[in-house]
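Chains as they are written, first to last, in our numbering: chain V, 4 to 346; chain C, 331 to 732; chain A, 2 to 73. Read through the structure below, which is laid out as structure tokens, and then see the notes.
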């Protein structure tokens, strides 16, 4: 570890935030100083686990165990959070996630981190009320740690490498758990091929959630109309770059859909057909642009992404008649990795 | 003289007496920007003393003014700025705000070293008689009472020394001790040996007699009340500390500021030195030691950094991926006639490339230009396309950005 | 930049806002790219505006290309 330990003469826990900020570390909020002691304690949680991390774009540097853990410490992680952070970073570095493009784009995408399986409960990850929002330590620090790794090791600092036109508050942190307990569908991770009872992290580069408010519909048909209407957006990348997108159902909407006989797969198929954008809603210039890129309407409509399998359906949140559609950067993929178990 | 335009200091010291000058010097020697305030001139209580007793050692004495000038010289040599202004209030916080008659300044930490106020009997008409018979400085005012009768009120060593000093000039000195004397046996012996000094214990001054100037004091003892005809009275009782000067810092019954260890107050960045601290030992040596301790504590509060610093693991560290530099690519064998355009597929990127490419085509008289593009603007370039371009072309004009 | 690493002369037409990105990438990859900066944006321009961008970029490219070919 010695080569990576920096002596900061005159720096204390009290003035650390100022010093860190001057050095370009952190996301603007105070961070926890990654002292060798804290880093060692964090690393104990992934003892015996190979990082299996490749180069982080754009710097192309491969994280060391210590620098990886230092970022988790800075984000406020407890040692127990590290395996989930590691799984998320592994997923982020999969080629199909397209981290380089994600970091350099003007699009406001943020790394969406969804946790499935027992790690949710053992770490206290919020899967229910306000799960996208503030107020839960595990959600806050895990999402933040993922972002700090790319910022610090990848060097993707806003303004130089991170070229997002407006950004997105989810770029501070965005992690939540699947509400498996209130989901009428098999767990998202299981539907993605993992074993039941396995802790899994799924990432994708996404916009913030678009709310789907439907207090009035009492049937699946009614709800589907609202959901499809929300998804049929002319301004999302899923219209022409295509790629993955997410439907995160609140448990009450999910229960209504399930009661009326809908499975997660059937919902995907139906919404693929129903969530369509009339060609007349897309500008002439965009028609030409889309054509240059080989994007053609299906009859009188543009589709949202390229097929039903690009829509990922899961349940999260608490009581209430709200769900969310989460469009993506397009040139990314939903990537899942199992949470490694320490030795 | 005062803040000189910049009204922000690392440490401000209120009171430039022995304790204050010692504190200011200690903080300045730690490399900090320090100002020491005093209403009039530096020196504090020493200005009122001609000789320092029990200094530098108990039982010894020395002249006061060289001690003062040395303290001032050393403080100024360490870089202490002197501010001749009255401090009217101190508001704890980060920074600490110090209100003076000349305006507000801020400081990272403040040392309060005001000492105690002059002695007072607490009687009606007393203030009007200050300088007209009421005095607290035997060294300054003693000669005014040559051949006259004076009273000294108090019970401590200081009272005794002042009485002995006055006895050198006055015709009669009556020491009025409210209870029993607290001075040392040595001083008791010296007082007893001076024949025109009388010590009256259990004596309370209950009134002042005056006709423009002091003519007597009314003294009550256990058995009687009488008027003592004196032209001067020197009270060394009723001296008060700076209670209320610092918001939120509690004081004892005489207004001296309470500390946890002689230096620290309840306010994190406000420290106390010298006589104004509750229970302080009122000697020069204690004032020097307390001043240094307070100055060092203030410096530590402002610059907690003085320690060994923080060791952290570099969060930006990483290693070069294995094998990347070993990867070799044979330089293409293409000729300079082989030129292509590579578009990132952003709006107008292809148009821009083609426009620029046509100029080059004309300039170099090229038969044709190759063309490739990314499948969409957001994806990384396809490896196969890069392979093809690098093998087939000598020069590729690439569009980046939007 | 990958092309330059493979021995291809690859001038980059970079819009001004993306210049820091290119510079940071180049630093990370330890290459010195040949860069022609075009005022941002390029997208959304009409024909006349685009022609101005082409003029400016060509003015920078031709000497750069001549020099690369060895006849500058």
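The beta carbon of each residue, even a glycine, is placed where N, CA and C say it ideally should be. Keep in mind that this is a model prediction, so the values were computed, not measured.
Supposed close pair residue i, residue j - CB separation, criterion 8 angstroms
{"i": "residue 555/C", "j": "residue 536/C", "result": "7 angstroms"}
{"i": "residue 62/V", "j": "residue 158/V", "result": "4 angstroms"}
{"i": "residue 192/V", "j": "residue 120/V", "result": "6 angstroms"}
{"i": "residue 208/V", "j": "residue 112/V", "result": "4 angstroms"}
{"i": "residue 624/C", "j": "residue 602/C", "result": "6 angstroms"}
{"i": "residue 80/V", "j": "residue 152/V", "result": "About 11 angstroms separates the two Cβ atoms, so there is no contact after all."}
{"i": "residue 559/C", "j": "residue 545/C", "result": "7 angstroms"}
{"i": "residue 329/V", "j": "residue 249/V", "result": "4 angstroms"}
{"i": "residue 16/V", "j": "residue 33/V", "result": "At roughly 10 angstroms, the Cβ-Cβ gap does not stay under 8 angstroms, so residue 16/V and residue 33/V are not in contact."}
{"i": "residue 670/C", "j": "residue 639/C", "result": "With a Cβ gap of about 55 angstroms, residue 670/C and residue 639/C do not count as contacting."}
{"i": "residue 9/V", "j": "residue 648/C", "result": "The pair is not a contact, with the Cβ atoms about 14 angstroms apart (cut-off 8 angstroms)."}
Element boundaries [alpha helix (DSSP H), containing residue i]
{"i": "residue 229/V", "result": "223 to 234"}
{"i": "residue 470/C", "result": "468 to 471"}
{"i": "residue 672/C", "result": "From DSSP, residue 672/C is part of no alpha helix (DSSP H) but of the beta strand (DSSP E) over 669 to 673."}
{"i": "residue 240/V", "result": "Where residue 240/V is concerned, there is no enclosing alpha helix (DSSP H), given that its DSSP letter is neither H nor E."}
{"i": "residue 543/C", "result": "Careful: residue 543/C lies outside any alpha helix (DSSP H), inside the beta strand (DSSP E) at 543 to 550."}
{"i": "residue 20/V", "result": "19 to 25"}
{"i": "residue 191/V", "result": "191 to 194"}
{"i": "residue 39/V", "result": "39 to 46"}
{"i": "residue 16/A", "result": "Here residue 16/A belongs to no alpha helix (DSSP H); instead the beta strand (DSSP E) covers 13 to 16."}
{"i": "residue 714/C", "result": "713 to 722"}
{"i": "residue 591/C", "result": "Per DSSP, residue 591/C belongs to no alpha helix (DSSP H) and is neither H nor E."}
Residue i, DSSP secondary structure in three states
{"i": "residue 263/V", "result": "coil"}
{"i": "residue 655/C", "result": "Bear in mind that a pLDDT of 48 at residue 655/C, under 50, signals an unreliable position, so the number given afterwards is only what the model happens to contain. In this structure, residue 655/C counts as coil in the three-state DSSP scheme."}
{"i": "residue 680/C", "result": "helix"}
{"i": "residue 164/V", "result": "coil"}
{"i": "residue 61/A", "result": "helix"}
{"i": "residue 71/V", "result": "helix"}
{"i": "residue 506/C", "result": "strand"}
{"i": "residue 315/V", "result": "strand"}
{"i": "residue 135/V", "result": "coil"}
{"i": "residue 597/C", "result": "coil"}
{"i": "residue 82/V", "result": "helix"}
{"i": "residue 171/V", "result": "coil"}
{"i": "residue 156/V", "result": "coil"}
{"i": "residue 337/C", "result": "coil"}
{"i": "residue 2/A", "result": "coil"}
{"i": "residue 128/V", "result": "coil"}
{"i": "residue 31/V", "result": "coil"}
{"i": "residue 566/C", "result": "coil"}
Beta-carbon neighbours of residue i, restricted to chain V and to distances below 7 angstroms
{"i": "residue 22/A", "result": "107, 163, 164, 166"}
Per-residue contacts from residue i into chain V (C-beta, under 9 angstroms)
{"i": "residue 18/A", "result": "109, 166"}
Contact list for residue i against chain A, beta-carbon separation under 7 angstroms
{"i": "residue 679/C", "result": "43"}
{"i": "residue 686/C", "result": "14, 55, 58, 59, 62"}
Residue i: first and last residue of the uninterrupted beta strand (DSSP E) it sits in
{"i": "residue 114/V", "result": "113 to 119"}
{"i": "residue 434/C", "result": "433 to 442"}
{"i": "residue 93/V", "result": "Taken as a continuous stretch (DSSP letters only), residue 93/V belongs to no beta strand (DSSP E), being part of the alpha helix (DSSP H) at 85 to 95."}
{"i": "residue 33/A", "result": "No beta strand (DSSP E) contains residue 33/A, which DSSP labels as neither H nor E."}
{"i": "residue 304/V", "result": "304 to 306"}
{"i": "residue 430/C", "result": "426 to 430"}
{"i": "residue 328/V", "result": "325 to 329"}
{"i": "residue 397/C", "result": "Looking at the DSSP string, residue 397/C is not in any beta strand (DSSP E); the run it does join, the alpha helix (DSSP H), is 394 to 407."}
{"i": "residue 703/C", "result": "700 to 703"}
{"i": "residue 213/V", "result": "213 to 216"}
{"i": "residue 420/C", "result": "417 to 421"}
Chain-ordered chain V contacts of residue i [CB-CB under 8 angstroms]
{"i": "residue 639/C", "result": "10, 11, 12, 13, 14, 15"}
Chain-ordered neighbours of residue i on chain C, where CB pairs are closer than 8 angstroms
{"i": "residue 7/V", "result": "643, 644, 647"}
{"i": "residue 292/V", "result": "677"}
{"i": "residue 38/V", "result": "640, 641, 642, 643"}
Per-residue contacts from residue i into chain C (C-beta, under 9 angstroms)
{"i": "residue 24/V", "result": "Neighbours of residue 24/V on chain C: none; closest Cβ ~13 angstroms, over 9 angstroms."}
{"i": "residue 57/V", "result": "651"}
{"i": "residue 32/A", "result": "Those do not exist, as residue 32/A stays about 12 angstroms from chain C at its closest Cβ, beyond 9 angstroms."}
Partner residues on chain A for residue i, Cβ-Cβ distance less than 8 angstroms
{"i": "residue 719/C", "result": "4, 9"}
{"i": "residue 724/C", "result": "9, 10"}
>> Taking beta-carbon pairs under 7 angstroms, can you tell me which members of the stretch 495 to 514 of chain C lie near chain V?
In response: none
> At a Cβ cut of 8 angstroms, what residues of the stretch 149 to 171 of chain V count as close to chain A, listed as they run along the chain?
Replying inline: 158, 162, 163, 164, 166
>> Which residues of the stretch 63 to 94 of chain V have a Cβ closer than 7 angstroms to any Cβ of chain C? Give them in chain order.
In response: 63, 64, 65, 66, 67, 69, 70, 73, 74, 77
> Along the stretch 38 to 53 of chain V, what residues have a CB closer than 8 angstroms to any CB found in chain C?
Replying inline: 38, 39, 42
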